[in-house]
Amino acid sequence: MLNADGYLPAGIHDMTVEEMREVFVSPFPASVTRHVVFAGYEKHRSELETLKIDIEQFIDGSFTTSKVDPGDVDLVCFADAHIIDSLPPEKQDELLQLVRGPATRATHHCDAYFCATLPDTDPLFSKMRAQRKYWMGEFGFDRLDKPKGIVRSQLNQGEMP
Numbered sequence: 001m002l003n004a005d006g007y008l009p010a011g012i013h014d015m016t017v018e019e020m021r022e023v024f025v026s027p028f029p030a031s032v033t034r035h036v037v038f039a040g041y042e043k044h045r046s047e048l049e050t051l052k053i054d055i056e057q058f059i060d061g062s063f064t065t066s067k068v069d070p071g072d073v074d075l076v077c078f079a080d081a082h083i084i085d086s087l088p089p090e091k092q093d094e095l096l097q098l099v100r101g102p103a104t105r106a107t108h109h110c111d112a113y114f115c116a117t118l119p120d121t122d123p124l125f126s127k128m129r130a131q132r133k134y135w136m137g138e139f140g141f142d143r144l145d146k147p148k149g150i151v152r153s154q155l156n157q158g159e160m161p
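Now the structure itself:
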């Protein structure tokens with residue numbers, strides 16, 4: 001599935017956890033880090049799922065390339081701002097602890113961020129959409145501006161509190 005440059009083809013690729021394992025872990029039996037990093041991602045994802053809100057993730061970084069020993073999984077979580085605001089304070093705190101950028105590496109092997117979303121009828125929709133486009137640009141190109149694919153995964157779809 002990875003191209004000659006070691007990337008997914010440009011565009012968004014919807015994947016389940018099992019599909020991510022098949023593409024980014026199983027084909028690398030010599031890797032020292034991939035199993036550990038992926039276990040950290042699964043732990044991170046599991047903790048997000050306890051919030052019982054719809055979350056869309058973009059997953060990127062060297063983990064989604066042919067690099068044999070990536071150090072972490074880069075990801076951004078998108079969720080509706082109004083739903084986040086309606087969560088009890090302790091659940092909001094749990095979310096914040098899981099999307100602290102590089103600080104989540106030590107506990108989950110993830111460099112995890114958060115981006116709020118809003119319905120297209122909301123007056124602030126354009127600003128939130130611009131943030132999403134920022135992440136698409138960051139994750140959709142390598143450091144030399146070569147296009148690459150973005151993994152998209154859904155959490156808790158339809159399991160709203």
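Anchor point for the sequence shown: position 161 equals 161 in this note's numbering, and the numbering is continuous, going up by one each time.
Note that CB positions come from ideal geometry on N, CA and C, so glycine has one too.
Distance from H13 to G149 at the Cβ level is roughly 5 Å; contact confirmed, criterion being Cβ atoms closer than 8 Å.
Cβ neighbours of T104 within its own chain (closer than 6 Å, five residues either side excluded): C110, A112. Here F139 is buried, its C-beta having at least 16 other C-beta atoms within 10 Å. S153 is bridged by DSSP to Q57. Secondary structure at G101: strand, using DSSP grouped into helix, strand and coil.
Contact between D60 and S31 fails: their C-beta atoms lie close to 18 Å from each other, not under 8 Å. The continuous beta strand (DSSP E) containing A112 extends over residues 110-117. Taking the Cβ atoms as the reference, K133 lies roughly 23 Å from D5, outside the contact range of under 8 Å. Residue burial annotation: F125 is exposed, with fewer than 16 other C-beta atoms found within 10 angstroms of its C-beta. In the structure shown, the three-state DSSP call for L2 is coil.
By the Cβ-count criterion, R34 is buried, with 16 or more other Cβ atoms from all chains shown falling within 10 Å of its own Cβ.
DSSP, reduced to helix, strand and coil, places F78 within a strand of the structure shown.
D14 is bridged by DSSP to R152.
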